[in-house]
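**Student:**
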Amino acid sequence: MLRLSRMTDYAVVVLVRMARGGPVVMTAPGLAAATNLPEPSVGKILKQLAQARLVSAHRGAAGGYVLARPAGDIRVSEVVAALEGEVALTACVDGAEGGCRVEATCPVRGRWDPVNRAVRAALEEVSLADMAGMAAMPVSAATAGPIMREWSNADRGA
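So for the sequence shown, this note's numbering puts the first residue at 26; every next one is plus one.
What follows is the structure in structure tokens.
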């Protein structure tokens, strides 16, 4: 099954909470309480997001974290990359680390690349603002499948 990690899911939840809160400095304990997520996990996630420059850390008594850019400019693909690395569905696709022991004789070598690019493109199309319900979901010809239409209709109350 193709599934994002729990930490990546938590990262999106934390970022959505930050996006909905506006440009206010938020602490890891405050975000953990607001999202019902474990505080150690939220702290770890925020450090990874800061390293990826998706959030900015502010030190001191009034310190905490804020989004580094507007929510509409942060792509879900960036969050996935910050927590899990670049999307690579198999060991032999563009951007995958390491190799495959049957790579030289594999009958589907290179055939996963278009699928991998499509998954990346879908993740790049969705912003944090979209996830927060702050903007209409983009539905393009490239990603307009049953799932995207269902999500778009749900946002409109259809």
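In this text, a Cβ means the ideal position worked out from N, Cα and C, and glycines have one as well.
By the DSSP assignment, the alpha helix (DSSP H) with L92 in it spans what residues?
**Tutor:** Per DSSP, L92 belongs to no alpha helix (DSSP H); it is in the beta strand (DSSP E), G89 to L92.
**Student:** Please state the DSSP three-state secondary structure of M159.
**Tutor:** coil
**Student:** Using a Cβ-Cβ cutoff of less than 7 Å, which residues in the same chain neighbour E149 once the five nearest sequence positions on both sides are dropped?
**Tutor:** R100 and S102
**Student:** Straight-line CA distance for P78 to G46?
**Tutor:** Reading off the sequence, residue 78 comes out as Arg, not Pro. About 19 Å.
**Student:** Going by other Cβ atoms of all chains shown within 10 Å of its Cβ, with 16 needed for buried, is M32 buried or exposed?
**Tutor:** Classification for M32: exposed.
**Student:** Within the same chain, show all residues whose beta-carbon is closer than 8 Å to that of R134, passing over the 5 residues directly before and after it, in chain order.
**Tutor:** C117 and E128
**Student:** Compute the beta-carbon to beta-carbon distance between Y35 and L62, rounded to the nearest angstrom, for a pair I have assumed lies under 8 Å.
**Tutor:** 5 Å
**Student:** Which of the three DSSP states, helix, strand or coil, is assigned to R100?
**Tutor:** Correct three-state label for R100: strand.
**Student:** Does the pairing of the segment 41-56 with the segment 81-97 give three or more beta-carbon distances under 8 Å?
**Tutor:** yes
**Student:** Applying the 10 Å Cβ sphere with the 16-neighbour rule, what's the burial state of D155?
**Tutor:** buried
**Student:** Kindly indicate which residue of D138, A113, L108 and L74 has the alpha-carbon position closest to the one of S30.
**Tutor:** L108
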